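Student: Sharing a structure below in structure tokens format, with a few things to ask.
Chains as they are written, first to last, in the UniProt record's numbering: chain A, 1 to 307; chain B, 1 to 325.
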């Protein structure tokens, strides 16, 4: 078990290496550069900047330098945010995104789980199609529509919650962004769990369990839940990585200093180091959560456990 | 006294006029045994599952099935749950699909004891070990904690038997308990089933298309075709002198050890195709070698004859066998 975990984590190193390498060269292959703006810089200034950031060195040299710094945990200086290291920028924004993302994740699991279970166990009655249609809407509406609608209803019309902002002493700041982040996930998880549970209840081994005269409680809580939650767990790996690294749309609408905006801004600004930092972080989280998914699969399904 | 009386049990798909199981009627005495034989799609498994309300929820079940005088058709889950596992045990075909792959087999045997007998977890697991021993699983104590995928096919089917028999039911329904197993294991399971019947004083409903099992395990045999019972009689005479053309064809379709390996396996020509069935004529007409004009005109009535009860125009019009009562 321990050796399995170690092997899995070690195998992440080449994955991340390929990711960093591809991102590095793809960014450089994209037209434009970090100092391109509406006004062209005087040649001396541009030459000075280029030297300052070692952009005059050969590309392979820059790449090796980047890897060398990376090995020391240094993601380099940001091109756009003058005087900031990428580690500092990410270090400031990550806690915000983690707080929002983990709250949204918890809410999605709780509500998605309840809705999915209720729909599956009331299959064929009025509440199942009702919930199924509501969750279909939830899955289909993008959050750049949901977020402004939430602001309009709860901040502008009702005035219950702040329309945006991020203050340490105002926890209500979190409510609307968390809901905006969670709604599509709630809907998605609810649908996955409903279908998973309905499929599980239709298996031959659930028929065997019913033939033993077990009450519904045991049919679900002992026999059906494991196969039913496996699809949800598969989905949660990448979904959790996405939620925890923030959403550019939600951060923009609510004015939140999270990580999500860096992904888009940095790419548009050719902020090479910040893009690499963000991609590396996201890639690491994906690898990490997929690893957790594998561990959970092994814990739930005895057929996947190797002696 | 009859343990189980099934009376005109019909199972229909809503909107489809011809039932999947059409007015099935039989009685099983306490301690008795009945084999239900027929091709795939004849409705054997479905009818047996419907006895315990295990059919797909969209199907409509009509008629009556009284077990120890208690009605099982159209009653609620609570009533059925008191019978399921406690008084009627069910062994499904293909234990590799019918055991829960996520749970240790000990739990899957012990759980009905906890539910029906209120046994403690420890007592139920102890009994599970005894049951595994009774179905002749070697080293039963070690098996309890194992998962279905860690057991052989034959052992999984024994676990199914142990789970079905845990609460000492009066009746065991076994749905093709030996299919998908190799011949040696089949032999062992048949012997086991015969011994279990004796040791547990079991009545047995055996679904099979293996006619070899029928004579060995069941006193009575019911032949089902396309949801209709075609012939019912004592297994011995039914196997020796089948009356109904369908039963005769089934018996002819048994492979023989003395046949040359190059001769094709005998089979009943044609196939059971539900779309071509018509409730106004004999269901077997398209494949029957002895069909007459009457067979196309009306479905034969169910008649109790000398050797067996059957549904065939040949045996009502020819006067060869007149109805006994």
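In this text, a Cβ means the ideal position worked out from N, Cα and C, and glycines have one as well. Note that the coordinates shown come from a computational prediction; the quantities given were computed from them, not determined experimentally.
Determine the extent of the beta strand (DSSP E) in which residue 89(B) is found, giving its start and end residues.
Tutor: Here the beta strand (DSSP E) through residue 89(B) covers 88-91.
Student: With distances taken from CA atoms, which of 209(A), 155(A), 240(A) and 232(A) is nearest residue 116(A)?
Tutor: Comparing Cα positions, the closest option is 232(A).
Student: At 4 residues or longer, and completely inside the stretch 215-294 of chain B: list those alpha helix (DSSP H) runs for me, N to C.
Tutor: Whole alpha helix (DSSP H) segments, 4+ residues: 235-240 and 245-252.
Student: Using a cut-off of 7 Å between C-beta atoms, extract the partners of residue 52(B) located in chain A.
Tutor: Within 7 Å Cβ-Cβ: 211.
Student: Give the list of continuous alpha helix (DSSP H) stretches no shorter than 4 residues that lie fully inside the stretch 30-55 of chain A.
Tutor: Here the runs fully enclosed are 43-52.
Student: With H, G and I counted as helix, E and B as strand and the rest as coil, what does DSSP make of residue 296(B)?
Tutor: Reduced to three states, the DSSP call for residue 296(B) is helix.
Student: Of the residues that make up the stretch 275-303 of chain A, which ones have a beta carbon closer than 9 Å to any beta carbon in chain B?
Tutor: Going along the stretch 275-303 of chain A in chain order, one finds 300, 301, 302 and 303 with a Cβ nearer than 9 Å to chain B.
Student: Looking at the unbroken alpha helix (DSSP H) that takes in residue 284(A), where does it start and where does it end?
Tutor: 272-300 is the span of the alpha helix (DSSP H), which, as asked, contains residue 284(A).
Student: In chain order, which beta strand (DSSP E) runs of at least 3 residues are fully inside the stretch 178-218 of chain B?
Tutor: Taking only runs of at least 3 residues, the beta strand (DSSP E) segments lying wholly in the stretch 178-218 of chain B are 203-208.
Student: In chain order, what residues of the same chain have a beta carbon less than 7 Å from the beta carbon of residue 228(A), not counting five sequence neighbours either side?
Tutor: Only 193, 196, 197 and 200 meet the Cβ criterion.
Student: Over the uninterrupted alpha helix (DSSP H) stretch that includes residue 146(A), give me the two end residues.
Tutor: It spans 143-150 - the alpha helix (DSSP H) in which residue 146(A) sits, taken as one unbroken run.
Student: With DSSP as the reference, label residue 158(B) as helix, strand or coil.
Tutor: Reduced to three states, the DSSP call for residue 158(B) is helix.
Student: Identify whether residue 238(A) lies in helix, strand or coil by the three-state DSSP scheme.
Tutor: DSSP places residue 238(A) in helix when its eight states are reduced to three.
Student: Based on the DSSP output, what are the partners of residue 308(B) in its beta bridges?
Tutor: Bridge partners of residue 308(B): 233(B).
Student: Between residue 260(A) and residue 97(A), how many whole angstroms is the CB-CB distance? I'm expecting something under 8 Å.
Tutor: Contact holds; Cβ gap of about 7 Å.
Student: In chain B, which residues lie less than 7 Å from residue 226(A) when you measure between Cβ atoms?
Tutor: Per Cβ cutoff of 7 Å: 102.
Student: Beta carbons nearer than 9 Å to chain B: which residues of the stretch 183-217 of chain A have them?
Tutor: Against chain B - using a Cβ distance shorter than 9 Å - the residues of the stretch 183-217 of chain A are 202, 203, 204, 205, 206, 207, 208, 209, 210, 211, 212, 213, 214, 215 and 216.
Student: Cutting at 6 Å between CB atoms, please list the residues of its own chain near residue 304(A), excluding the five before and the five after it.
Tutor: Once the five neighbours on either side are set aside, the close Cβ partners of residue 304(A) are 297 and 298.
Student: Nearest CA to the CA of residue 88(A): which residue from 125(A), 71(A), 155(A) and 278(A)?
Tutor: Comparing Cα-Cα distances from residue 88(A) to each of 125(A), 71(A), 155(A) and 278(A), the minimum goes to 278(A).
Student: Determine the closest residue to residue 100(B) out of 163(B), 255(B) and 49(B), with distance taken between C-alpha atoms.
Tutor: Nearest C-alpha to residue 100(B): 163(B).
Student: Name the chain A residues that come within less than 9 Å of residue 84(B), Cβ to Cβ?
Tutor: Residues of chain A passing the Cβ test: 210, 211, 212, 213 and 214.
Student: For the stretch 104-133 of chain B, which residues have a beta carbon sitting closer than 7 Å to at least one beta carbon of chain A?
Tutor: Listed by position along the chain: 111, 112, 115 and 116.
Student: Under the DSSP definition of a beta bridge, which residues are partnered with residue 65(B)?
Tutor: Note: residue 65(B) sits in a beta bridge opposite 6(B).
Student: Decide yes or no for the touch test of the stretch 91-109 of chain A against the stretch 150-159 of chain A: beta carbon pairs closer than 8 Å, at least 3 of them.
Tutor: These segments do not touch.
Student: Does the stretch 2-13 of chain B touch the stretch 46-55 of chain B, meaning 3 or more C-beta pairs lie closer than 8 Å?
Tutor: The stretch 46-55 of chain B, when compared against the stretch 2-13 of chain B, does touch it at the 8 Å Cβ threshold.
Student: Over what stretch of residues does the alpha helix (DSSP H) that includes residue 254(A) continue unbroken?
Tutor: Unbroken alpha helix (DSSP H) run through residue 254(A): 248-254.
Student: List, in order along the chain, the chain A residues whose C-beta lies closer than 8 Å to that of residue 68(B)?
Tutor: Chain A residues near residue 68(B): none, gap ~15 Å exceeds 8 Å.
Student: Could you tell me the boundaries of the beta strand (DSSP E) in which residue 21(B) lies?
Tutor: Counting along the chain, the beta strand (DSSP E) containing residue 21(B) begins and ends at 21-29.
Student: Per DSSP, what kind of secondary structure is residue 203(A) in: helix, strand or coil?
Tutor: Coil at residue 203(A), not helix or strand.
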